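The structure appears below as structure tokens.
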Amino acid sequence: METFTGVLLVTANVGSLFDNVGEIQSEWLKQLYKTIQSYKPQFIALHFQEVGGKDYMLNMGHAENFFWTLESSEEMKDFDRSCIYVDNQFKVEDSFTALGSMYFIHKALKNIQQYDFHVKNFKAVLEKNRYMGSLDRVTTVEKEKFPKNFWPDVSIGLDLVNVHLFHDASNLIACNSSPSIYSANRNNALRYVISRISDSRQTVLPFFVFGDFNFRLDTLSLVQDLSTAADVQMVKKDSSNEVQRIIYEEKDNDHQVLLRIEEKLFAYLHQAVFREDNGRALLKYDKEVAAFDDVIREEDIKFPPSYPYSEEHAKPTQYMNTRCPAWCDRILMSHTAQDLIHRRDDGEKSVVYNTMGPNVCMGDHKPVFLSFSLKTNDHI
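Residue numbers (this note's numbering): 195 to 574.
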């Protein structure tokens, strides 16, 4: 008999949370608990990137406290088994990833098993397991340094993979070509991740890949469309021919500056376009996932770009002028994984793909979640 299990997948780049832990943590956790209460999942997978923040050497202690606070909270009391993996070994630079993964199993679920990569078989999850520090000898997780990290955990034959891919180091370079060199790098990295999933065992399981992919809009095409009625001025460094700044001025309206682009500045006059109708008009520039249609699926995006939000409490829906807003944080899945999602035929919305805390400060990334019912058999 086919049964269904409520699942909640969440990806969150928490770098700015740990850089402002006293200001953001309480509200951040409140929004997570609110989401859990709303959808009542029986299995939760949380994937974190940039654990410890930019100053991870100073903040790692706060990070460990954050994970403990979440795990031991009253709101999580009905989840009697868990598996927590946190790579906090920042002194080992060659292998430090700043990734963390938390998996929670509700007391109503029985016979949950996890894959052991050493014995190459599944083992029952019977208690709360926490691994903080070096994960090299932890047999239920595989870790690789490359801005994409592999964190499989298995439930009804699923691989759950936590990734953090390359960002756009310079806005100026990003708008030099279409696609940008950064987009090409991310494409290669994600292809590698997908191949590692396939190579990890003889039978390829359905998989979900969720994290901070750093996917960006096709910046060159977007800028060209935004500036069709603008004059362009290139400002170069005095000592070289290198472009330092690009300024687009409206041809009328007293030559008001429409867009200014620098290495770490993307200031567009009409920022509301990124929020209106959840940024739907900009989805045509979101092209990086399309290259993986042969192996990857995604639910329809109906939320605004998840990055880069203001870190000021009074401006929770405003974007910073550091980068072009984009849907960096995503939850992707194999074709076979999408087939396991139960879709009701009575008109009620059974699959929700959205952001957490849309109207409160959650840091520069809004966490993204996917809530759904997983098709299962009598046992998992």
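Each residue gets a CB set at the ideal place from its N, CA and C atoms; glycine is no exception.
Note that the structure is a prediction, hence the values are computed from the model and not measured.
- Apart from the 5 residues on each side of it in sequence, PHE273 sits with its Cβ closer than 8 angstroms to the Cβ of ILE238, PHE298, ILE299, HIS300 and LYS301 in its chain, given in chain order.
- Of the residues VAL319, ALA424 and VAL208, the one whose Cα lies closest to the Cα of HIS241 is VAL208.
- Counting other Cβ atoms within 10 Å of its Cβ, GLN465 stays below 16 and is therefore classed as exposed.
- Secondary structure at ILE525: strand, using DSSP grouped into helix, strand and coil.
- Within the segment 383-445, the runs of alpha helix (DSSP H) that reach at least 4 residues and sit entirely inside it are, in chain order, 413-420.
- Judged by DSSP secondary structure, SER210 falls within the alpha helix (DSSP H) whose first and last residues are 209-213.
- Three or more beta-carbon pairs separated by less than 8 angstroms link the segment 515-531 to the segment 479-486, which places the two stretches in contact.
- Nearest neighbour of ASN472 by Cα position, chosen from HIS256, VAL313 and TRP521, turns out to be TRP521.
- A check of alpha carbon separations from SER392 across ASP412, LEU352 and GLY216 identifies LEU352 as the nearest.
- The segment 213-226 and the segment 548-566 touch, with no fewer than 3 CB-CB distances between them shorter than 8 angstroms.
- As for any beta strand (DSSP E) of minimum length 3 sitting wholly inside the segment 201-266, the runs are 237-243, ordered along the chain.
- By the C-beta density criterion, GLY294 is buried, having at least 16 other C-beta atoms within 10 angstroms.
- Here HIS536 carries a strand assignment [DSSP, helix/strand/coil].
- A Cβ-Cβ contact shorter than 8 angstroms links VAL437 with LEU366.
- At the C-beta level, THR570 and PRO400 stay beyond 8 angstroms of one another.
- Out of ILE440, SER389, LEU414 and LEU416, the CA that lies nearest to the CA of ARG454 is found in ILE440.
- The shortest C-alpha to C-alpha distance from ASP412 to any of TYR376, VAL429, SER433 and GLY405 is the one to TYR376.
- In this structure, DSSP gives GLN465 a helical state, which the three-state scheme calls helix.
- DSSP places ILE299 in the strand class (E or B) of the three-state scheme.
- Secondary structure at ALA363: coil, using DSSP grouped into helix, strand and coil.
- One thing to note: PHE566 has its Cβ no nearer than 8 angstroms to the Cβ of MET550.
- Around LEU568, the same chain offers THR199, VAL201 and LEU534 as residues with beta carbons nearer than 6 angstroms, after the five sequence neighbours per side are excluded.
- Beta-bridge partners assigned by DSSP to TYR501: ALA520.
- By the CB criterion at 8 angstroms, ILE218 and LEU211 fall inside the cutoff.
- When secondary structure is reduced to three states using DSSP, MET326 falls in the strand class.
- For PRO373, the closest alpha carbon among the candidates LEU354, LEU416, LEU384 and ARG385 is that of LEU416.
- Assigned with DSSP and collapsed to three states, ASN370 falls in coil, not helix or strand.
- In the assembly as shown, GLU482 is a buried residue. Its beta-carbon has 16 or more other beta-carbons within 10 Å.
- ARG410 is classed as buried because its beta carbon has at least 16 other beta carbons within 10 Å across all chains shown.
- About 5 angstroms separates the beta carbon of LEU359 from that of ARG380, a gap short enough to meet the 8 angstroms contact definition.
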